[in-house]
Amino acid sequence: MATFSKVAVIGSGVMGAGIAAQIANAGVRVLLLDIVPKEGGRNSVAEGAIARALKTDPAPFMSAAAARLVEPGNIEDDLARVAECDWIVEVVVERLDIKQALYRKLDALRRPGTPVSSNTSTIPLKTLTEGMPDAFVRDFMITHFFNPPRYMRLLELITGPATDPALARRVADFCDVALGKSVVACHDSPGFIANRLGVFWMTSAVTEAPLHGLTIEEADAIMGRPFGIPKTGVFGLMDLVGLDLMPHVNASMQGALPPADEFHAVNRDVPIARKLIETGYTGRKGKGGFYRLNREGGKRVKETIDFATGEFRPERRADLPELKAAGRDLRALFETPGRVGAYAWKVMGHTLGYAAKLVPEAADSILDIDEAMRLGYNWKHGPFELIDQVGADWLAAKLRADGFAVAPILERAAGRSFYRVHEGKRQYLGLDGAYHDVVRPEGVLLLEDVKLTQKPLLRNASAAVWDVGDGVLCFEFTSKSNALDEPIMTLLQKTITLVRDKYKALVIYNEGRNFSVGANIGLALFAANMAAWAQVEALIATGQEIMQKLKYAPFPVVSAPSGMALGGGCEFLLHSSAVQAHAETYAGLVECGVGLLPGWGGCKEMLGRWSTDPKMPKGPMPAPMKVFEMISTAKVAKSAAEAREMGILRKADGITMNRNRLLADAKRRALSMVDGYKPPEPREIVLPGPSGKVAIEQAVQGFAKLGLATRHDIVVSGELATVLTGGRTDIIDIVKESKLLELEREGFLRLLRTPATLARIEHMLETGKPLRN
Amino acid sequence: MQIYNAPLRDMRFVMHELHGSAAHLDRIGKSGVTSELIDSILEEAGKFASEVLLPINASGDEEGCHYENGVVRTPRGFKQAYDQFRESGWSALAAPAEFGGQDLPDIVGKMVEEMQCSANLSFSLYPGLTQGATLALLGHGSDELKARFLPKMIEGVWSGTMNLTEAHCGTDLGLLRTKAVPQEDGSYRITGAKIFISSGEHDLTENIIHLVLARLPDAPKGVKGISMFLVPKFLPTGDNKPGPRNGVTCAGIEHKMGLKASATCQLVFEDAVGWLVGEPNRGLAAMFTMMNAERLSVGIQGLGVAETAYQSAVHYARERLQGRALSGPRRPDLAADPIIVHPDVRRTLMTIRAYVEGCRALSGWVAQALDLEKLGPDPETRRAAEDFVALMTPVVKALFTDLAFETSSMALQVYGGHGYIRDHGMEQLVRDARICMIYEGANGIQALDLVGRKLPAHMGRMLRGFFHPVQAFIEANAADPRIMPLARAFGALQQATAHIAQAGLKDPEEAGAAATDYLRLLGLVALGYMWARTTQVAEAKLPTANGDASFYQSKLTTAQFFNERLLPQAGALWTAIKAGKESMMALDSAAF
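Residue numbers (our numbering), protein chains in the order written: chain A, 12 to 784; chain B, 951 to 1542.
What follows is the structure in structure tokens.
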């Protein structure tokens, strides 16, 4: 893999700072340069950008340590230091003259052969390199990040005919492995892929909505969920990206695209959008956009622009029976008589038709187009996957009827689907009319692909077990939201036996949005409401038993989380031999939020980790105090790096930046541990007992006086403090794991019997928000 | 012969001893209502029931209501009985003082209701519907409508009805067609035809206030487009006297299996003047205030009829001489032993008794929750009571009425052939009881309401008010071997509940297939819990009971009978529920 040890980022606007942060997140030093301002310190622009990034939510940095890797500077004093850097990223204002002037300076200062890339979204590479020295052109490319760079997984890479392919490969590898991006190769065409198509779609959706007599809510309801697009739809998305951006992007697109391009037909003036921008309604960053939150009169009223009056009115939820009737059948939606079907077709039907033309105009294959829209616009399905849902022929015929020029690749499909599974391999239709295997980059292993070639070794309603090769099994949660329940525990039990008898190691991994948001508290609540205490106790006891079995299994168990790993999900990490976490892992023991405490060994493991941490002060009190602080506040790590700071990940645990590489990394990690693997020794710890509990309770009382702890918080903290201080133990006693588990069980059950805890769980399930009772 | 003496001793036991009326009244801020006051009200109500209402029960059945030219005449004696009822203030008993009521708590009101149903079910419907209409108006009516109509209704001078059903829609009210057209003066004109309207037309009161479900011109389709209107038979004048006749007429009355003295009317509304009650298109919610109250009342009706059936059967079993006891003659002085010596007659009587007293205990618990729902000291208590009433409403309605039909039929059996002929009035009880399983939501619908709405609501929150006390009671008495039948039945109920929640989530038909058995299972456990608590109270009282010892001893024996011979049905019900829908749904409809 290509490793860069230092990268220069020039330009510290939102994108520049974000890119710098993500490079730092990868553990790579960054030199962040910007202009010298007329007033203030010479580095103050870049310094300010770093400070702002540290306060931004969602956070560009994954940890405070990462922020320290970014060194601010200015282009007058420090430009020569680009010679220290292995890659130079230009993120300055979108002006050709300024960029080219910078390039000339850089070319003189950089080490020869150092790649230089621009984050431009509007200027073609051909134009950028015009008149530049050959050696520079050879090392130059466009690396187009999406905002925010940490969270958006798409990176469009544009190279020119003269770009050195090996160098481009090195940059691509770094972006892929170190920065965690999916690198999509684009042609040097206007807007590249995602914005070319995205802008067409958004512009069309915005201009067509009032023409079809739809409200904004209705338009968003049609453009969102039915197509697997986030429910913000188009108007909500416009508010998110900023209304004021659109005129610029559209103007640049209009200038760059050839006259015959269909974009010109959809790109019409939208007076209401213009009026909103002029009055400061630029979107969520401003006073609001098409939607706003009206706080007048102390109330918070959600409001929406009414097309007819151009004024705000209270939000009206869309109630479109047509959508319900069509269900998931997109063809039925397109064919629905009336304004709903007509709008869906006019906007999305044509967008799909337009997408088809982008091969080969903007990319070599349909794979790139689909990947760009999935990752750049968070579409669940790429355009060609959507076309497969309605049928290429059907789409072509309907487009033709509209007089919309049908793309060659649609003709070429001729009744075939764009994707198919052939002999266990996913294949796509090429421009040559033949199917080709979808080839994953080296080091990428996806369960999605594994599933095409085999049946699960074990499976039940909530989990499945797959053979991922080389003697490693993968345990996958398949329940709704990957909530942990009884069937999962049952299957794990069987899996442990299976691995012990016939395999080498186990990886716990899945490809859901979240690793697991914890135990199915809906079930627990129902059981509690019908007073099935024995059943609840059995559920906890079984969970504890399985967690202990995982921990002491005679083979390595590697958990590989991505997304949220909360509550019971986090307890899986804590009981694994090792964790290989996706960088975007959000782990925490959040049980107190719903009035419970970690009951599957979470308290026990966190205590064990912190009481053996050499950096902690001596004595039995610091560890319980530290753990209490985290669990009682239901703290969630906002990255894998932060989880490491919290002790949820250990030093030896690995972090994978690229989501698609997680399973392969976890498997490699597991295999590396197989030889001579010994399960850990049970921990025995010294805990303070009742006196320690009193100390914690006093602290909680203090919070309560400050209004920071509610009445039930005190009850919950009290139970948690009992567990963490070892119950009735004495300082001279040694507390065994089994004792801590017993305390967890008892505390959990006592809390579950309180109406206030039941009210918290119910509130969380019904509103998704914690109840502060 | 229909025998009825109000079971005052048992009522006092349920109210004061089992459910602790003193603490309860304190909690709802009605400590002024003393147990002496309650006892004297119950005594008077009992007298009224057996002296005024019972004598016209059989005759009313024989004579029935008569319809001629839009006018309905109730049977002989009904008008006089009703006047006496109103003048004695029974109609105002549990109504709010603000509109002339006596504001007595529901724990008293429900017992008085039971007595009226025992003595004369047909009669009880006239004031019963007025009470329901009063509640709906109280909950949803404008201040103006309340001030204008409530005092007269509570006084009993005007009566009330509820108009839901139309010829083509009963259970499925979404199909409703009656129209309401807004007028410039804020009133509406109602046009349509309603059927099965109890007390829709009669000669007991000077005016009849109909609450009618209808659709506004721009109303959405289905149940979300139904509004409720108040339509009086006579439009009140300025001084609130019945004025001009409104456009509502009775087109006929039904000829029914039983309940013959209650007029079940077809009403025709032609441009009738009405006023909106509550918000437009929210009529069903408003009507459900009334429906829920009515459903509980129908359960009480079942209990009432069963009590009379029991008393009548006991009377006959003691008097009727046939055969000899299996263990040898008991009354050698007589030609034969009274049939009460026979085990099977005793099985019959004990079964009825165990159900009736169990249901009375349960209704006392639910009545307490009705009070707490309105008058509980804090929002949590009020909401918990509301949840409990919501859960128990379908159970009380369906369980009590299913049992009323079963037990009245058992009581008839004690009479042998004499039960089947009209002379003794036993077949009237069976016929009268039968309607209770049907109206105000057929019992199958009650069961669906329980499994489909109440059970899953808020992840089982409504179960809490019932399941938690039962579990706590079992835990607290774990050392007592007599708790085992209840513990087992409750275990079956918990398992069945979890099973239905899970299976029903995947396939609603599974929940539907389990519904009726599940309701009975929950009901049995509820009665079992009442009997277990009764045992505890009776045992505590027995050592100092003196003259009352036999009362408590009977309680203990009846509890034992329930535990040993009735509660075990729970196991069978759970087995049936577990079997699932397969055999129920497998046959092709043509194969039936």
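Every residue gets a Cβ at the ideal spot worked out from N, C-alpha and C, and that includes glycine.
Beta bridge counterpart(s) of residue i as assigned by DSSP
i, result
"B:Cys1200", "B:Leu1217"
"B:Pro948", "The shown model of chain B, from 951 to 1542, leaves out residue 948 of chain B, and the question about it has no answer."
"A:Ala319", "Bridge partners of A:Ala319: none, in fact."
"A:Met249", "In DSSP, A:Met249 forms no bridge with anything."
"A:Ile696", "A:Val746"
"A:Pro83", "A:Leu43"
"A:Gly592", "The residue you asked about is not Gly; residue 592 of chain A is Ala in the sequence shown. A:Ala592 pairs with A:Ile666."
"A:His447", "A:Tyr439"
"A:Glu487", "A:Ala475"
"B:Cys1309", "In DSSP, B:Cys1309 forms no bridge with anything."
"A:Glu167", "A:His155 and A:Val195"
"B:Val1223", "B:Arg1139"
Neighbour-count burial assignment, residue i, 16 or more Cβ in a 10 Å radius
i, result
"B:Phe1542", "exposed"
"B:Asn1513", "buried"
"A:Asn206", "buried"
"B:Ser1313", "buried"
"A:Met12", "With a pLDDT of 49 at A:Met12, under the threshold of 50, the predicted position of this residue should be treated as unreliable, and no value is reported."
"A:Gln465", "exposed"
"B:Ala1047", "exposed"
"A:Tyr162", "exposed"
"B:Lys1096", "buried"
"B:Met1178", "buried"
"A:His259", "exposed"
"A:Pro567", "buried"
Neighbour list for residue i in chain E, Cβ cutoff strictly below 8 Å
i, result
"B:Phe1338", "Although the question refers to chain E, the structure presented lacks it and instead comprises the protein chains A and B."
- [ ] Answer yes if the region 618-629 of chain A comes into contact with the region 760-770 of chain A, meaning at least three C-beta pairs across the two stretches below 8 Å, and no otherwise.
- [x] Judged by Cβ distances under 8 Å, the region 760-770 of chain A makes no contact with the region 618-629 of chain A, as fewer than three pairs qualify.
| Looking at chain A, which residues of the region 1403-1414 of chain B have a Cβ within less than 7 Å of any of its Cβ atoms? | So the close ones are His1408, Met1409, Gly1410, Arg1411, Leu1413 and Arg1414.
Check your understanding: What residue ranges within the region 1341-1376 of chain B form continuous beta strand (DSSP E) runs of no fewer than 3 residues, ordered along the chain?
Key -> DSSP runs (the beta strand (DSSP E)) wholly in the region 1341-1376 of chain B: none.
inquiry  = Between the region 151-158 of chain A and the region 632-645 of chain A, can you find at least three pairs of beta-carbon atoms closer than 8 Å?
reply    = Here the region 632-645 of chain A does not lie against the region 151-158 of chain A, with fewer than 3 beta-carbon pairs under 8 Å apart.
Would you check if the region 721-732 of chain A and the region 670-690 of chain A touch, i.e. whether three or more CB-CB distances between them fall below 8 Å? Remark: fewer than three beta-carbon pairs, one from each stretch, lie closer than 8 Å, so the region 670-690 of chain A and the region 721-732 of chain A are not flagged as touching.
(message) Is it the case that the region 205-214 of chain A contacts the region 359-367 of chain A, given that we only count it when at least three CB pairs across the two stretches are under 8 Å?
(response) Here the region 359-367 of chain A lies against the region 205-214 of chain A, with 3 or more beta-carbon pairs under 8 Å apart.
In chain order, each alpha helix (DSSP H) run of at least 4 residues that lies wholly inside the region 375-415 of chain A: Restricted to the region 375-415 of chain A, the alpha helix (DSSP H) segments that are unbroken, complete and at least 4 residues in length are 377-387, 394-401 and 403-412, listed in chain order.
Three or more C-beta pairs under 8 Å: does that hold for the region 76-87 of chain A against the region 25-34 of chain A? Because the criterion of three Cβ pairs below 8 Å is met, the region 76-87 of chain A and the region 25-34 of chain A touch.
Entirely enclosed beta strand (DSSP E) segments - the region 273-322 of chain A, minimum 3 residues:
List check, beta strand (DSSP E) in window: 302-305 and 312-316.
Subject >> Three or more C-beta pairs below 8 Å linking the region 1345-1363 of chain B and the region 1371-1384 of chain B >> reply: Verdict: yes, contact present.
In the region 24-36 of chain A, which residues sit with their C-beta less than 8 Å from some C-beta in chain B, listed in chain order?
-> Those residues of the region 24-36 of chain A that come within reach of chain B (Cβ to Cβ, closer than 8 Å) do not exist; the list is empty.
(Q) So within the region 317-362 of chain A, which uninterrupted beta strand (DSSP E) runs reach at least 3 residues, ignoring any that extend past its ends? (A) Listed in chain order, the complete beta strand (DSSP E) runs (minimum 3 residues) inside the region 317-362 of chain A are 323-325.
| request: Give a yes or no on contact between the region 217-234 of chain A and the region 179-193 of chain A, applying the rule of three or more CB pairs nearer than 8 Å. | output: Too few Cβ pairs lie closer than 8 Å, so no.
### Message
Suppose only complete runs of 4+ residues qualify. What are the alpha helix (DSSP H) ranges in the region 491-564 of chain A, listed by chain order?
### Response
Those alpha helix (DSSP H) runs which fall completely within the region 491-564 of chain A and span 4+ residues are 497-513, 532-540 and 544-562.
Q.
Against chain A, which members of the region 1448-1459 of chain B pass a CB distance test of less than 8 Å?
A. Across the region 1448-1459 of chain B, CB contacts with chain A closer than 8 Å involve Ala1448 and Ala1451, in sequence order along the chain.
* Could you give the uninterrupted runs of the alpha helix (DSSP H) lying entirely in the region 1034-1062 of chain B, keeping only those of 4 residues or more? -> Complete alpha helix (DSSP H) runs here, min 4: none at all.
* To do: Mind listing, in chain order, the continuous beta strand (DSSP E) runs of no fewer than 3 residues lying wholly within the region 577-628 of chain A?
  => Entirely contained in the region 577-628 of chain A, the beta strand (DSSP E) runs reaching 3 residues are, in chain order, 589-593 and 596-599.
Of all the residues that make up the region 1418-1431 of chain B, which are near chain A by a beta-carbon distance shorter than 8 Å? Correct list: His1418, Val1420, Gln1421 and Ala1422.
Could you give the uninterrupted runs of the alpha helix (DSSP H) lying entirely in the region 208-258 of chain A, keeping only those of 4 residues or more? DSSP runs (the alpha helix (DSSP H)) wholly in the region 208-258 of chain A: 227-234 and 246-252.
Exercise. Pick out the complete beta strand (DSSP E) segments inside the region 1053-1121 of chain B, 3 residues or longer, and give them in chain order.
Key: Here the runs fully enclosed are 1108-1113.
Review point. Does the region 1259-1279 of chain B come close enough to the region 1095-1115 of chain B that 3 or more CB-CB pairs lie under 8 Å?
Key: Judged by Cβ distances under 8 Å, the region 1095-1115 of chain B makes no contact with the region 1259-1279 of chain B, as fewer than three pairs qualify.
* When Cβ atoms are compared, which residues of the region 1237-1256 of chain B fall closer than 9 Å to chain A? -> Taking 9 Å as the Cβ-Cβ cut-off against chain A, none of the residues of the region 1237-1256 of chain B qualify.
If contact is defined by three or more beta carbon pairs under 8 Å, each pair taking one atom from either stretch, is the region 117-137 of chain A in contact with the region 85-96 of chain A? Contact between the region 85-96 of chain A and the region 117-137 of chain A is present, because at least three Cβ pairs lie under 8 Å.
**Message:** If contact is defined by three or more beta carbon pairs under 8 Å, each pair taking one atom from either stretch, is the region 1269-1284 of chain B in contact with the region 1326-1333 of chain B?
**Reply:** They do not touch, by the three-pair rule.
Quiz prompt | Cβ pair count under 8 Å reaching 3, the region 331-351 of chain A against the region 252-270 of chain A | solution = A contact is defined here as three or more CB-CB pairs under 8 Å, and the region 331-351 of chain A fails this definition with respect to the region 252-270 of chain A.
At a cut of 8 Å, does the region 664-674 of chain A reach the region 597-607 of chain A through at least three beta carbon pairs? Counting Cβ pairs under 8 Å, fewer than three are found: no touch.
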